[in-house]
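For the record, the sequence lines run as chains A and B. Number 86 in the numbering used here belongs to position 86 of the first sequence; there are no gaps in the numbering. Number 1042 in the numbering used here belongs to position 42 of the second sequence; there are no gaps in the numbering. All C-beta atoms in this analysis are idealised placements derived from N, C-alpha and C, irrespective of residue type, glycine included. These figures come from a predicted structure and were not determined experimentally. A quick write-up on the structure given underneath.
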Amino acid sequence: MIYAPPQHVEIRYRPSYSEIADAEIYRRYQDTENELMVSREGSEYVRAKIAQLELENRLGQLSALRANWDTYGSEPPSKESVTAAAVIAKAFIDFGLIPDAVGPSAEGGVAISFFRNRKYADIECFNSGETLAVRYSSDEKPTAWEVQVDDAASDATIQFFSKYLSA
Amino acid sequence: MYRRWRAAIPKFQTEELLYRRYRRQDAFNGIILDSALQFPKKHENTGQSVNRSRFSRAKDALWNDKERLDGLGVFQFPVSCLPREAICPTTGGRFTFWPKHVPLRNNYAHSEVWSDQLPRRNVGYVLPTKLVRKELRATIQKNSQIVIEAEL
């Protein structure tokens, strides 16, 4: 038989307002709580901050990928492509256009993808130093174009994406 | 899945499906990201690996030449989505894509998405320009459907 000394258990019981308030106060508490949640979710600032943190976390994961990460022999994103993607994604987030996915490119690099209103667009930063973008909607064929490195995070590029995705 | 004595069957029906495996982070809300698709390197003389549906099931794509890759998913796209002609917006170069049955010893259904210049030169795999590659990957993404959800 294994002897285990008695463990100290901290009692962390805290009554909630549903148990101490009358119906009217309870309702007001609930309304306030809902307003707080809506306000937090609707806050551009908070959304951008969360997106920024998620981006940093994601880019950290991408930096740690090894060769053959996709089982088809792809090379991992280079330090340069991760840095380039970080600058571009941050500019998009600051503008309020939050990427839906940031992932490794099987062609070697990092891709920043957006899905909005049955439309798709992405920017891919390759290990070669090139940056390409593509866009399409449900009723148009994909169109790709090259983005100059200096322009990738520019207002013009971001506004182009924003207009395309919201139109 | 073993090839045994079977010869390659070059003919593909347009409605035939091509299967390829993917990882969970290669998809968003049930849509494959085009960045998950890779082209061969220059001079490799090979296309993107896929399995053709005429000789395999979707789950067979979870096998590589050594083992079953549990936890990965599989997506499919139809042969008909491969463009017979794609024009590079900057160089004007014209390319064509088609599926090629390339059976392996332990994977008879193995096929590849091949590319050549137009007019056809038939001298091996021709790597398209970067913009044509990008558009092809997006075209496959647009026409793809996940058939086995990835867990990893």
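Is the shortest distance between the beta-carbon of residue i and the beta-carbons of chain B less than 9 Å?
i: A/S74; result: yes
i: A/K141; result: yes
i: A/T71; result: yes
i: A/A106; result: yes
i: A/E35; result: no
i: A/V170; result: Given a span of 1 to 167 for chain A in the structure shown, any question on residue 170 of chain A remains unanswerable.
i: A/Y120; result: yes
i: A/E146; result: yes
i: A/E124; result: yes
i: A/F115; result: yes
i: A/A80; result: The identity of residue 80 of chain A in the sequence shown is Glu, whereas the question assumes Ala. Not one chain B Cβ lies under 9 Å of A/E80.
i: A/A89; result: no
i: A/G103; result: yes
i: A/A167; result: no
i: A/A84; result: no
i: A/G109; result: yes
i: A/Y3; result: Model confidence at A/Y3 stands at a pLDDT of 43, short of 50, so the residue's coordinates are unreliable and nothing is read from them.
i: A/D100; result: yes
i: A/E130; result: yes
Any C-beta of chain A sitting closer than 9 Å to the C-beta of residue i?
i: B/S1115; result: no
i: B/N1122; result: no
i: B/Y1022; result: yes
i: B/N1064; result: yes
i: B/P1128; result: no
i: B/L1033; result: yes
i: B/S1144; result: no
i: B/A1150; result: no
i: B/K1134; result: yes
i: B/P1099; result: no
i: B/M1001; result: no
i: B/A1109; result: no
Return helix, strand or coil for residue i, following the three-state DSSP convention.
i: A/S138; result: coil
i: A/N57; result: helix
i: B/S1111; result: strand
i: A/L132; result: strand
i: B/F1100; result: The question names Phe, but residue 1100 of chain B is Lys in the sequence shown. Strand, per DSSP.
i: B/E1085; result: coil
i: B/Q1117; result: strand
i: B/I1009; result: coil
i: A/A167; result: coil
i: B/Q1048; result: strand
i: A/A152; result: coil
i: A/S39; result: helix
i: B/F1039; result: coil
i: B/V1074; result: strand
i: B/I1032; result: strand
i: A/A48; result: helix
i: A/I98; result: coil
i: A/A23; result: helix
i: B/R1068; result: strand
i: B/R1094; result: strand
i: B/V1079; result: helix
i: B/A1061; result: helix
Just to check my reading of the structure: residue i and residue j have Cβ atoms closer than 8 Å, yes? What is that Cβ distance to the nearest angstrom?
i: B/P1010; j: B/H1101; result: 6 Å
i: B/L1033; j: A/A101; result: 6 Å
i: B/F1075; j: B/N1143; result: Contact doesn't hold; Cβ gap of about 10 Å is too wide.
i: B/V1113; j: B/G1047; result: 5 Å
i: B/M1001; j: B/N1107; result: 5 Å
i: B/I1148; j: B/L1037; result: Actually they are not in contact, since the Cβ atoms of B/I1148 and B/L1037 sit about 17 Å apart, beyond 8 Å.
i: B/R1068; j: A/T71; result: The Cβ separation is near 11 Å, so there is no contact.
i: A/L62; j: A/K90; result: Actually they do not touch by this definition, with Cβ atoms about 15 Å apart.
i: A/L65; j: A/P104; result: 6 Å
i: B/N1051; j: B/D1065; result: Contact flag wrong, Cβ pair sits at about 13 Å.
What residue range is occupied by the uninterrupted beta strand (DSSP E) comprising residue i?
i: A/K119; result: 119–126
i: B/Y1022; result: 1017–1022
i: A/T143; result: 143–146
i: A/G103; result: 101–105
i: B/F1055; result: Looking at the DSSP string, B/F1055 is not in any beta strand (DSSP E), and its letter there is neither H nor E.
i: A/S113; result: 109–116
Would you say the beta carbon of residue i comes nearer than 8 Å to a heavy atom of the ligand MN?
i: B/K1100; result: In the structure on display, the ligand MN does not appear, and there are no ligands present to speak of.
Span of the alpha helix (DSSP H) holding residue i?
i: B/V1132; result: 1130–1143
i: A/E80; result: 79–95
For the pair the segment 111–128 of chain A and the segment 1014–1026 of chain B, tell me if three or more CB-CB distances fall below 8 Å.
no
Spell out a yes or no on whether the segment 1090–1107 of chain B and the segment 1041–1058 of chain B are touching, meaning 3 or more CB-CB pairs, one atom from each, closer than 8 Å.
yes
Quick check: the segment 1030–1045 of chain B against the segment 1087–1098 of chain B, are there 3 or more CB pairs under 8 Å?
no
Within 8 Å, do at least three Cβ pairs link the segment 151–163 of chain A to the segment 1080–1087 of chain B?
no
Quick check: the segment 1124–1137 of chain B against the segment 136–147 of chain A, are at least 3 beta-carbon pairs closer than 8 Å?
yes
Please determine if the segment 101–112 of chain A and the segment 70–84 of chain A are in contact, where contact requires at least 3 C-beta pairs separated by less than 8 Å.
yes
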